[in-house]
Each structure stands twice: as C-alpha cells, then as structure tokens.
Amino acid sequence: MFTATTEDDKESQPSTSSSIEWLQPCIHFKFSDILLATNNFDESLEIGHGGFGKVYKGNVIKGSSLVVAAIKRLDSMSSQGESEFWAEIEMLSKFHHCNLVSLFGYCNHEEEKILVYEYMPKGTLEDHLHRHGTPLSWLQRLKICIGAARGLHYLHSGTGIEFGVIHRDVKSSNILLHESWAAKISDFGLSKIGPTIQPLTYVNTLVKGTFGYLDPHYFSTGRLTRKSDVYAFGVVLFEVLCRKHAVDKSLDLEQWGLVAWAQSSIKEGNLKSIIDCDIRGQVSTKCLKEFVRIAERCLLSNPKQRPTMAEVVVSLKSALNLQEKSNGSLQAAGRSIFGRVFDMFPSPSNEENSAHGDSKLSSNRNVGDTLEAENKDFTILFPSLRVLKFTDLKRATKNFSQDLLLGRGRFGEVFLGWVDKNTFAPSTEGDGIAVAVKKYSQGLPEWNTVVSVLGWLTHPNIISLLGYCDDKKHKCLLVYEYMQNRNFGDYLFGDILDVAKLLSWKRRLLIMIGVAHGLAYMHSSKDQVIHRDVKTSNILLDEDFNVKLGGFGMARFGPEIAKTGVTTRIIGTLGYLDPGYLSNGHLSVKSDIYSFGVVLLEALTGQQAWQRHRYYSGLVKWAIPFLEDKNELKKIMDPRLGKNYPLEDAFKCATLALKCVAKNPKDRPSSEEVLQSLEQIYVVNK
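Numbering of the sequence shown is given in full-length UniProt numbering, commencing with residue 1 and proceeding in unit increments.
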C-alpha cells in the first residue's frame, strides 16, 4: 500500500505541466511507493508489456480505499517517450467516460515515468480474439464493440469543450475489458486534440499508428481527422467478426491484410465464409448484414463518406437489436435500439461511473427542492469550471459592445467574446476561442440554477458551461461554449435565407433526436433534472448543426419519473407549457415531454407554438385534427419541405407528437421511448 504526494513534493514535474488542466484528481505517486506496490517490479506481478514498456499489478491507495491497479512503467529504450507520457496524463485527466480507462495517477521520478490505471481483469479484446482459449460469443462481441464505439463517440464529440479528441491508435489491444466485459478505450499516448468544427483536420508530417489499422488517407497525406479513428474501428469490427489479425504474415500473401481479404471475400459473395467458425451458427442473417454494412462504411477510401462514431453506435445497436430478435430474447418495449442513452453517456446517479470521473448529480437533494447555491464555492463543487474576472469578461466582449450582442432573453443579454483557449484570458477577435457571455439582468436564483445544473451535467447534447464570474459586484455572468448556428427557432421562424436547404427533413429529424438524447440523459438519473423550458429557441446549434440543449435558468432537480412535485410558481413559455402543470402546479418529467411534442409539431409544420396574431389557441389545438390521417397531415406540413420528405416518416413523427401532448401525463411516452421512436424512424429510412 502507498499514498500519494502533493504538488509540493520534490519529484520532478513536467516543464509543460502548465498546459495540463487537471479537471479531475490525478495523483502524483512517490517512486518509493511504486516500488513497494510492485515489490520492486517483481516479474511475478507482470501482467503485460507493449511498445511503452511493462505493466504490473499492484495495490494502491485511492482516496480512502485500497484498490487494485495496473502500473505501466515506461522502458527507457521504448520508442514511446516523454511526449506520449504527458499526452496520456493530459487526456485521461481531462476526459472521463465509462468506456474510457481511468487513470489513477502517475509517477515522474528522474528517468522513471510510470502511469497508474484502474485494473482491467479481463485483459484486452485482442487477448480473447487471438491469444486466450476463451472465444467470445457473438452477443459478447457485439456489446464490446458498442461499448468501444461509445467511448470513441465521446472522444470525438462528447467531451463538453470546444475540442474533440482523435485517438490515433484504435485497435483491439487498446480495447480493455472490465470484469463485467464492459469495453474501455485505452492508450492515449498518440492522441491529438483537434477542432470539432470544420475543417476537421490536423496535418502532421510524422505519421503514427499501427499497421493494419492505419487510415490509408492519413498514411498517404498526413492529414488526420476523426474519420481516421473511424477507419481503424472498421478494422476492429472485421477483426471481431472474422477473428483474424489486422495483419497476419503467417498467412498467404493475399490474406496478410484483413481489410483487403475481407472486402474481396464479400465482393465474391463469400460473406458467411469469413465469419469466425466459433460463432458462425450464432449470427443471424439480418444482424450480419447490418454489422458488415457499417463496417464497410467505416473503411470507405474517402473519409468524408465514412460515418461518424454516433452513426456507428446507432448501427451496432440496430445490429444487436436484430440479433436479440432472432434469438427470441428482445427486451421489453421501450428499450431504445441505440441502447439506453445513459449507457452511451453515463447516468449521473451511477456510482461506478462517478468513480471514473463522469458527472454525478447530487444525491442528497430533497425532492422538488429549488436550486439555491448562493455563497457556495463552485470551484469545489465543480472543479472543471473556470472562475473568471469581471474585468476580463468586459475586455473579452469589448465592454459588452452592442456590436457583439448575440441575443436577449428573459434573464438578460448574451455577448460574443474571445478568450485564450488555455488561460481564458481576454484575447482579440479571431485569436483564441469564441465564447458566449451571458450577463444576467435578474437576481441570483436563475444564475445559481444554471451553475448548479450545468456544473454537474456533461453530455454532447447539453450546452457546456465553461466558467462564471466570481466578482461580488458583478456576479451574475456565465460563460458558455459559443454556438455558431444560433438556435432551431431562428431557422424555423427567423429571416434566415435558404431554410429549405438548411433545414431538410433529415436535419430536422436529427435535431429532434439530439434533443431527445439530452432529455433522456437528464431524466434518467435518480435525482433527474426537469428542464421546464423546452422550446425551439433553447435548442442551440453548433457549426455542424449538432444540438445542444440550453436555457437551464428554470430547471430543477425533480422526483423520480413516476412521481410529481408541486410548486406554486408556474414558469414557462406560452404555447409550450404542459396544461396540467399550468392548471395545478404538478411538475414531472412528463411536462418536458409535452413541450418536446410541441417542438416536434413546430418542426413538422413550420408554425410557431404561439402567435399573437393568430385566431387559434396555440399550435397543439390547431394541429391535432390533422395528425391522425396522412392526407390531412400533408395539408399542414411545412411548405418549405416541398415533397422532400417521406410521408410515412412524417406520419410516424406526427403520431409521436400526438402522444407527447396527451392531456393525461401518464399517457405520454418517456423520454427514452421518444428517443427509441425517433431513432427507429431514422435508422429505417436513412
């Protein structure tokens, strides 16, 4: 057993340590304690080795608990050096997800460089495919692939900050397996932080990676994108299906490369012959077709034609669903074909996830409590948030210039600002990163609500709160990630040109799926969050039209899904308010579902929830008579869509909207059921 050192200990620190933001505790272990934990690097405790060096099993103190750890020691002769060492620490200190391996800490002593991870008792995916005599079942393989895909999806677009992460070395040996067979992505020594907005490229003249998994486009051009990870994952998918190495020189020359061999076999009509013989009888035809379809898309020569990891997750879950149906073991209705959304982005109430650094909602709030956080030190509660000076925000926004005004709302004004991406010090326009600075005109309650909620929530479809102003005189300021494409309402109802092209049917559907993802994540925890103000203007859009749910000024921690909370303060937006909540103050997550149904109707019809000059009492009452018949529905569809939408899909969406706005909240679907319905529509006709 051993304990950790503090930042004041004398063991050497990196010269670049100032560039590392320690968003989660990363322990700096003493070398003497590393020696004790590994019994002076006893060979009997060695559990693996690779390009980095050797890995040992040992017991360490983490917090107040004794835990088993994997202790990786850098070989001084290794081709991987100091830059990879610090890259690994930086990545795993910043980013946390249940499908990423957790870094407990590190040791940097003279020439010794050591990383201490959570111990993964099942080894690697590669072990079970190619080394151990323990072949995995087809269902196990599917679920492992889904877990790994979720981890990569999180890295690419779910880190909650401006930058996405390119792993650069996706392969079966870097997919670790927990005791429960949960997959965890590991080995971030080659990873790069790159912009998630276009251009999604990172040019490097030094090509790094593993042969057999290397994206040919990256190899030939040195141009690195997230689609390079997608290519490598496609290789892993075929490796899982065929149980063949990515490169196997023991085979005939034409079979060395798994990708070329598999593609050739499929082209010749020999798909079933490439399946691992141990699982050949387990794989259903429909599942196989879907699995191979997404694997082949991952391997397309043009990176732009490859799917995103989000799409990969969708397809793999669809394949799993098809397999489970074939096995006669499909779980109860209501399960999303994408999996429960909090499996992809862990539920805040999951204790195991919290140990990995994922966001965790407070478990000691009373049901229905309003969020009061005045005089609390948010840097202790939410260590990832920046504390910013009012004078710096004033400079960043050019003294809150009206020329930089992005919008006004009930709680105040929002300004565009520019800050340094590392220090968040004010910078000039075009230099650094753009942020949205919200200056509250009302008191602390709404400001505290936003910090209390967004300080905990981390999800790709929820707006990221980057920091806040701690100036006592000017405390009501918050700094968010900047959303270049404003909000959904601006496109549906504003004066933006070429809406027909910008808001195609597919894009509208994907936007609604994004909103459903965000709501399902919020609603799924034990102390779930009720948004209370779901509407088009709170559906924010980044440069790629990815959805981020904003407008949390009225949110509250709510009861479990089956219960309700009573409040005497009715807050919301006319046209979106749940009539039951409006009439009796009974608040539940089903109030959010009603509002979502209204937004879905707006997406279908192009009509606003409420228009003062109209002689009808809201969109819902006006639209309902048209929703139960396809021919009637066509009469109210947004004319800007023309005939460029599948009527069957539109009718399914209308049917879903009708369920969401049901008078009795008990008749409305859950957010997960909403998500399932929309995903099925998207998958079937994409």
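Note that the Cβ used here is the ideal one computed from N, Cα and C, for glycine as well.
Cα-Cα separation between residue i and residue j, rounded to whole angstroms
{"i": "leucine 454", "j": "arginine 386", "result": "13 Å"}
{"i": "tyrosine 56", "j": "valine 116", "result": "9 Å"}
{"i": "alanine 232", "j": "glycine 269", "result": "24 Å"}
{"i": "leucine 577", "j": "tryptophan 610", "result": "11 Å"}
{"i": "isoleucine 144", "j": "serine 64", "result": "31 Å"}
{"i": "arginine 508", "j": "isoleucine 636", "result": "16 Å"}
{"i": "histidine 109", "j": "lysine 421", "result": "30 Å"}
{"i": "tyrosine 521", "j": "phenylalanine 41", "result": "43 Å"}
{"i": "threonine 308", "j": "glycine 618", "result": "38 Å"}
{"i": "isoleucine 681", "j": "aspartate 649", "result": "6 Å"}
{"i": "glutamate 632", "j": "alanine 603", "result": "17 Å"}
{"i": "arginine 226", "j": "phenylalanine 188", "result": "14 Å"}
{"i": "tyrosine 480", "j": "isoleucine 266", "result": "48 Å"}
{"i": "valine 170", "j": "valine 60", "result": "28 Å"}
{"i": "serine 318", "j": "glutamate 679", "result": "10 Å"}
{"i": "isoleucine 34", "j": "arginine 668", "result": "56 Å"}
{"i": "phenylalanine 342", "j": "serine 524", "result": "Confidence at phenylalanine 342 is low in this model, with a pLDDT of 30, below 50, so its placement is unreliable and the value that follows should be read with caution. Each residue's alpha carbon lies about 7 Å from the other."}
{"i": "leucine 457", "j": "glutamate 90", "result": "21 Å"}
{"i": "isoleucine 530", "j": "isoleucine 146", "result": "29 Å"}
{"i": "leucine 330", "j": "isoleucine 71", "result": "Caution is warranted here: a pLDDT of 37 is assigned to leucine 330, below 50, making its placement in the model unreliable, and no coordinate value can be reported."}
Presumed contact (8 Å Cβ cut-off) between residue i and residue j, rounded CB distance
{"i": "valine 312", "j": "valine 230", "result": "7 Å"}
{"i": "tyrosine 106", "j": "cysteine 26", "result": "7 Å"}
{"i": "histidine 167", "j": "serine 191", "result": "5 Å"}
{"i": "tryptophan 138", "j": "isoleucine 279", "result": "4 Å"}
{"i": "residue 687", "j": "alanine 623", "result": "Residue 687 lies beyond the range of the chain shown here (1 to 686); nothing can be said about it."}
{"i": "leucine 393", "j": "glycine 417", "result": "7 Å"}
C-beta atoms of residue i and residue j nearer than 7 Å
{"i": "phenylalanine 238", "j": "alanine 295", "result": "yes"}
{"i": "phenylalanine 415", "j": "threonine 391", "result": "no"}
{"i": "tyrosine 468", "j": "alanine 434", "result": "no"}
{"i": "asparagine 461", "j": "valine 547", "result": "yes"}
{"i": "threonine 423", "j": "phenylalanine 488", "result": "no"}
{"i": "residue 697", "j": "cysteine 653", "result": "Within the shown structure, residues of the chain are numbered from 1 to 686, placing residue 697 beyond reach of any answer."}
{"i": "tyrosine 491", "j": "leucine 503", "result": "yes"}
{"i": "leucine 125", "j": "isoleucine 175", "result": "yes"}
{"i": "isoleucine 114", "j": "glycine 151", "result": "no"}
{"i": "lysine 286", "j": "leucine 322", "result": "yes"}
{"i": "aspartate 276", "j": "arginine 306", "result": "no"}
{"i": "aspartate 533", "j": "glycine 551", "result": "yes"}
{"i": "glutamine 608", "j": "glutamate 543", "result": "no"}
{"i": "tyrosine 218", "j": "valine 235", "result": "no"}
Option nearest residue i by Cα separation, candidates the options
{"i": "leucine 241", "options": "Asp169, Leu142 and Trp256", "result": "Leu142"}
{"i": "lysine 289", "options": "Thr428, Lys272, Leu300 and Val67", "result": "Lys272"}
{"i": "proline 121", "options": "Leu478, Tyr594 and Leu177", "result": "Leu177"}
{"i": "histidine 156", "options": "Lys439, Leu100, Leu574 and Ser172", "result": "Leu100"}
{"i": "leucine 36", "options": "Gly48, Lys54 and Gly58", "result": "Gly58"}
{"i": "serine 671", "options": "Lys590, Glu648, Leu601 and Gly642", "result": "Lys590"}
{"i": "proline 579", "options": "Lys286, Glu112 and Val620", "result": "Val620"}
{"i": "valine 451", "options": "Arg243, Pro307, Arg556 and Asp544", "result": "Arg556"}
{"i": "leucine 299", "options": "Val314, Arg408, Leu258 and Gln484", "result": "Leu258"}
{"i": "valine 683", "options": "Asp592, Leu316, His523 and Leu540", "result": "Leu316"}
{"i": "aspartate 498", "options": "Leu641, Ser588 and Ile624", "result": "Leu641"}
{"i": "leucine 136", "options": "Ala69, Gln282 and Ser401", "result": "Gln282"}
{"i": "glycine 409", "options": "Asn538, Phe291, Trp505 and Gly430", "result": "Asn538"}
{"i": "leucine 656", "options": "Leu574, Glu179, Lys663 and Val674", "result": "Val674"}
{"i": "glycine 466", "options": "Asn327, Thr159 and Lys325", "result": "Just to set this straight, residue 466 is leucine in the shown sequence, not glycine. Ranking Asn327, Thr159 and Lys325 by Cα distance to leucine 466 puts Thr159 first."}
{"i": "asparagine 644", "options": "Asp629, Lys501, Leu510 and His49", "result": "Lys501"}
{"i": "glutamate 179", "options": "Val68, Lys171, Arg131 and Gly133", "result": "Val68"}
{"i": "threonine 210", "options": "Val314, Asp592, Ala246 and Asn302", "result": "Ala246"}
{"i": "phenylalanine 545", "options": "Lys506, Ser524, His523 and Glu413", "result": "Lys506"}
{"i": "histidine 28", "options": "Gly48, Ala87, Leu74 and Leu103", "result": "Leu103"}
{"i": "glycine 494", "options": "Gln263, His132, Gly123 and Gly606", "result": "Gly606"}
Residue range of the alpha helix (DSSP H) that includes residue i
{"i": "asparagine 321", "result": "309-327"}
{"i": "valine 283", "result": "From DSSP, valine 283 is part of no alpha helix (DSSP H); its letter is neither H nor E."}
{"i": "valine 170", "result": "Counting along the chain, valine 170 falls outside any alpha helix (DSSP H), and DSSP gives it neither H nor E."}
{"i": "arginine 486", "result": "Per DSSP, arginine 486 belongs to no alpha helix (DSSP H) and is neither H nor E."}
{"i": "glycine 269", "result": "No alpha helix (DSSP H) contains glycine 269, which DSSP labels as neither H nor E."}
{"i": "serine 591", "result": "589-605"}
{"i": "isoleucine 144", "result": "138-157"}
{"i": "glycine 514", "result": "505-523"}
{"i": "tyrosine 231", "result": "226-242"}
Residue interval of the beta strand (DSSP E) (run including residue i)
{"i": "glutamate 112", "result": "112-118"}
{"i": "leucine 416", "result": "412-419"}
{"i": "isoleucine 279", "result": "Per DSSP, isoleucine 279 belongs to no beta strand (DSSP E) and is neither H nor E."}
{"i": "cysteine 653", "result": "Counting along the chain, cysteine 653 falls outside any beta strand (DSSP E), though it belongs to the alpha helix (DSSP H) covering 647-660."}
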